[in-house]
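Colleague: Chains as they are written, first to last, in the working numbering: chain A, 1075 to 1327; chain B, 28 to 440. Note that CB positions come from ideal geometry on N, CA and C, so glycine has one too. Structure in structure tokens, see below.
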């Protein structure tokens, strides 16, 4: 499997999924999409498919095919999709020509908000709300990337093959957000929220500690020993998961 | 029962984290000690079966520096031998006679050994053993056991770990422990390409039960290695001199070509050894391998004193019996609280796990509660029993274990 294809999976299933949170937690984006009733299908030739639905002020991003979407966008290759995500290319619309204005104007404003929150600066991170949302997005991106790396990347596959069945919870204390990655018979299923009976947990003391840990500003060993990050349970699951996450920068800078 | 606090440990760790990567790196890192807040990070003094931390807390130590300390900390006879040698010569331009004396002692002690080579750490000699196997056979592939630990050289670390390249594993093939059929298949699929097979005498991974060799496993491995000209290497770094003074292979009834020793050989003084059969002596002579401190005489004198003392008191028997007594009592106490404390591996280096909770969280909490009361129990790694552990230590450990079970029972029900 090519790096471009894995990157396309990550972009569609881990990065774009953050639109759900941007709509839910960023007031500016919420007001933009409040009245939208539109669905966009992303289809990559010889690659992944995903859809984004805006309805009733809620955004839903899903895998696979959407029945009768308002807009259908075609990408001729995984690299084509990745260029578009990086802002260096355009999709080929094959349905919803009357919505081209929406795509260029309104949808772009939403993706610009996503980019704003995914590309922090030291100055932006001083703002508590920004820090909280950036950290939430980072946590969610990481959780959903585990599936793609663990199933597609050669090293990730090897690492995932040693992980036994069960769920791993990652949570920012005291009130979340939290994510859960479930490993079962070779499959990997991430989701928002927590499993009731996890095999391993990783709790981050607060948003700041979570940000420093997830962004690599503090090393995991120091963070855990100092109590900024607390781990319990089947630690080899967390270790393998961490090594899988270490593969992300190979695809997403 | 009073529980400990670790303010000074935490304070020192914060200082350390500013100037040392990870604060504490490697196998002494607090990361697998769960929760780290239940464990001391820094020791200031040690004697016999006990050590004291920077907060003044006293611990009966069942980890024994992760294996090196088999006679107890600051053993008088070992230290006296080391100090005597220190007064004469240690790191010098030429090696000292004590090196020859130690080599002769090992050759006399270990049936398969016709020669001995010295280094510092276990990983030094496991890597050297692989080089020797490749030089001896002219082959490149090494078969090892999945989950086996042979040090931190890139070939010995699992693929995917930072700093480890795919190429580091190009000639490493991993097979399941106790699965002779898989080893046989790998040999068949790589005709004339397998240089060596390296494994520990029994399987003792972290975070998982230890597994003794199945009936006939080692004998079949040995026979196939002989037939195919594969160098059989035993990594006896952890088990060595704990199961049997003659090498753990004698305990399990087989004869390897090379044995790697470290840990217990020097009771805490830094030394490792590779011993082997006469047929490989010229081979290792060709493989250039050395280190600045590998000829230091003090650890060699300490090793001779350690081995002589272990032999005179029948150390392996003593720690086996001490371990058995401690473990039987702990299992009984656990049962009284409705917990199944499973013990695997050899009684002198057992791995314990409460099976009521497969996530290990309950077990981690119990070990943490014990440590906070003065019995240093690890939840992720096998324990080590030393000859310094006394009946009084065992009685005290049982009392601590009971109080800790009460604490976790309140939490888990």
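Would you report the Cα separation of residue 1274/A and residue 1083/A, rounded to the nearest angstrom?
Modeller: Locating residue 1274/A in the first chain gives position 200, counting from the first residue. Locating residue 1083/A in the first chain gives position 9, counting from the first residue. Distance between the alpha carbons of residue 1274/A and residue 1083/A: 26 Å.
Colleague: Can you pull the chain B residues whose beta carbon is under 8 Å from the beta carbon of residue 1272/A, in chain order?
Modeller: Residue 1272/A sits at position 198 when you count from the first residue of the first chain. In chain order: 386.
Colleague: Under 8 Å: do the stretch 1110 to 1124 of chain A and the stretch 1230 to 1240 of chain A share three or more Cβ pairs, one atom per stretch?
Modeller: No: the two stretches stay apart, fewer than three of their Cβ pairs being nearer than 8 Å.
Colleague: Can you tell me where the alpha helix (DSSP H) holding residue 149/B begins and where it ends?
Modeller: Within the second chain, residue 149/B is the residue found at index 122, counting from 1. Here the alpha helix (DSSP H) through residue 149/B covers 149 to 164.
Colleague: Would the beta-carbon of residue 113/B fall within 8 Å of that of residue 75/B?
Modeller: One-based indexing of the second chain puts residue 113/B at position 86. One-based indexing of the second chain puts residue 75/B at position 48. No, these two residues do not count as a Cβ contact at 8 Å.
Colleague: Who pairs with residue 1115/A in a beta bridge, going by DSSP?
Modeller: As a working note, residue 1115/A is residue 41 in the first chain. Beta-bridge pairing links residue 1115/A to 1125/A and 1146/A.
Colleague: Which residues in chain A sit within 9 Å of residue 56/B, going by Cβ to Cβ distance?
Modeller: Numbered from 1 along the second chain, position 29 holds the residue referred to as residue 56/B. Ordered by position in chain A, the residues that pass the 9 Å Cβ test against residue 56/B are 1295, 1298 and 1299.
Colleague: With a threshold of 8 Å, are at least 3 pairs of Cβ atoms found where one atom belongs to the stretch 41 to 50 of chain B and the other to the stretch 1301 to 1311 of chain A?
Modeller: no
Colleague: Whole angstroms are fine: how far does the CA of residue 279/B sit from the CA of residue 10/B?
Modeller: Nothing in the structure corresponds to residue 10/B, since chain B is present only between 28 and 440.
Colleague: Which runs of the alpha helix (DSSP H) fall wholly inside the stretch 271 to 307 of chain B and span at least 4 residues, in chain order?
Modeller: 275 to 279
Colleague: Can at least three beta-carbon pairs, one atom from the stretch 153 to 162 of chain B and one from the stretch 254 to 272 of chain B, be found at a separation below 8 Å?
Modeller: Result yes; three or more Cβ-Cβ pairs closer than 8 Å.
Colleague: Can you look up residue 1241/A in the DSSP assignment and give me helix, strand or coil?
Modeller: Here residue 1241/A refers to the residue found at position 167 when the first chain is read from its first residue. Looking at residue 1241/A - three-state DSSP - the assignment turns out to be strand.
Colleague: According to DSSP, residue 379/B sits in a beta bridge with which residue or residues?
Modeller: Mapped onto the second chain, residue 379/B falls at position 352. According to DSSP, which records beta bridges pairwise, residue 379/B is partnered with 370/B.
Colleague: Taking one C-beta from the stretch 266 to 277 of chain B and one from the stretch 287 to 301 of chain B each time, how about it: are there three or more such pairs within less than 8 Å?
Modeller: yes
Colleague: Examine chain A for any beta-carbon lying closer than 8 Å to the beta-carbon of residue 59/B, and answer yes or no.
Modeller: As a working mapping, residue 59/B is identified with position 32 in the second chain. For residue 59/B, the answer is yes, since a Cβ of chain A falls inside 8 Å of its Cβ.
Colleague: How far does the beta strand (DSSP E) with residue 1133/A in it reach, from first residue to last?
Modeller: Working through the first chain from its first residue, we reach residue 1133/A at position 59. Note, residue 1133/A: beta strand (DSSP E), 1132 to 1137.
Colleague: Please identify, using Cβ separations under 7 Å, the residues of the stretch 1222 to 1240 of chain A that lie next to chain D, in order along the chain.
Modeller: The chain labelled as chain D is not found among the protein chains of the depicted structure, namely A and B.
Colleague: Note down, in chain order, all residues in the stretch 44 to 55 of chain B with a beta-carbon under 9 Å from any beta-carbon belonging to chain A.
Modeller: 44, 48, 49, 50, 51 and 52
Colleague: Mind listing the chain B neighbours of residue 1310/A? Cutoff is C-beta to C-beta under 7 Å, in chain order.
Modeller: Counting from 1 along the first chain, the entry for residue 1310/A is found at position 236. Correct list: 234.
Colleague: Between the stretch 308 to 321 of chain B and the stretch 244 to 252 of chain B, can you find at least three pairs of beta-carbon atoms closer than 8 Å?
Modeller: The way I'd put it, the stretch 244 to 252 of chain B doesn't touch the stretch 308 to 321 of chain B; fewer than three beta-carbon pairs between them come closer than 8 Å.
Colleague: Measure the beta-carbon distance from residue 321/B to residue 145/B and round it to whole angstroms, keeping in mind my assumption that it falls under 8 Å.
Modeller: Here residue 321/B is taken as the residue at index 294 of the second chain, counted from 1. Here residue 145/B is taken as the residue at index 118 of the second chain, counted from 1. With a Cβ gap of about 6 Å, residue 321/B and residue 145/B count as contacting.
Colleague: What residues from chain B crowd round residue 1108/A, counting only those whose CB sits closer than 9 Å?
Modeller: The residue you call residue 1108/A lines up with position 34 of the first chain. Here the premise fails: no neighbours, minimum Cβ distance about 43 Å.
Colleague: In terms of alpha-carbon separation, which member of 1228/A, 1246/A, 1145/A and 1105/A lies closest to residue 1211/A?
Modeller: Position 137 of the first chain holds residue 1211/A. It is 1246/A.
Colleague: Anyone know if the C-beta pair for residue 1165/A and residue 1188/A falls short of 8 Å?
Modeller: By one-based count along the first chain, residue 1165/A stands at place 91. By one-based count along the first chain, residue 1188/A stands at place 114. Not closer than 8 Å, so no.
Colleague: For residue 40/B, decide whether its Cβ has a neighbour in chain A, counting only Cβ atoms nearer than 8 Å.
Modeller: Residue numbering aside, residue 40/B sits at position 13 when the second chain is read from its first letter. Yes, residue 40/B lies at the interface with chain A (some Cβ there is under 8 Å from its Cβ).
Colleague: Could you have a look at residue 1273/A and say whether DSSP puts it in helix, strand or coil?
Modeller: Stepping through the first chain from its first residue, residue 1273/A is reached at position 199. If DSSP states are grouped into helix, strand and coil, residue 1273/A belongs with coil.
Colleague: By the criterion of Cβ-Cβ separation under 7 Å, what are the contact partners of residue 1305/A in chain B?
Modeller: Translated into positions along the first chain, residue 1305/A becomes position 231. Result: 61.
Colleague: Report the option in 164/B, 246/B, 86/B and 284/B whose CA atom is closest to the CA atom of residue 221/B.
Modeller: Numbered from 1 along the second chain, position 194 holds the residue referred to as residue 221/B. For the options 164/B, 246/B, 86/B and 284/B, the alpha carbon positioned closest to that of residue 221/B is the one of 164/B.
Colleague: Given that residue 189/B touches chain A, what residues does it touch there, using C-beta distances under 9 Å?
Modeller: In the second chain, the residue the question calls residue 189/B occupies position 162. Going along chain A in sequence order, the residues near residue 189/B (Cβ under 9 Å) are 1317 and 1320.
Colleague: Just checking: is the beta-carbon of residue 230/B within a distance shorter than 8 Å of some beta-carbon in chain A?
Modeller: One-based indexing of the second chain puts residue 230/B at position 203. Chain A, which has no Cβ nearer than 8 Å to the Cβ of residue 230/B, makes this no.
Colleague: Below 8 Å between beta carbons: does that hold for residue 229/B and residue 242/B?
Modeller: Along the second chain, read from residue 1 onward, the residue named residue 229/B stands at position 202. Along the second chain, read from residue 1 onward, the residue named residue 242/B stands at position 215. For residue 229/B and residue 242/B, no; Cβs fall outside 8 Å.
Colleague: So that I know if they touch, is there some Cβ in chain A lying closer than 8 Å to that of residue 32/B?
Modeller: Along the second chain, read from residue 1 onward, the residue named residue 32/B stands at position 5. Taking a beta-carbon distance threshold of 8 Å, residue 32/B does not count as an interface residue toward chain A.
Colleague: Using a Cβ distance threshold of 8 Å, determine whether the stretch 417 to 432 of chain B contacts the stretch 358 to 376 of chain B, with at least three qualifying pairs required.
Modeller: yes
Colleague: Beta-carbon within less than 7 Å of residue 1103/A's beta-carbon, same chain only, minus the 5 sequence neighbours each way: which residues are those?
Modeller: For the purposes of this step, residue 1103/A is taken as the residue at position 29 of the first chain. Result list for residue 1103/A: 1096, 1097, 1184 and 1187, in chain order.
Colleague: Residue 259/B lies in the beta strand (DSSP E); which residues open and close that run?
Modeller: As a first step, residue 259/B is located in the second chain; it is residue number 232 there, counting from the start. Run containing residue 259/B: 258 to 262, per the beta strand (DSSP E) assignment.
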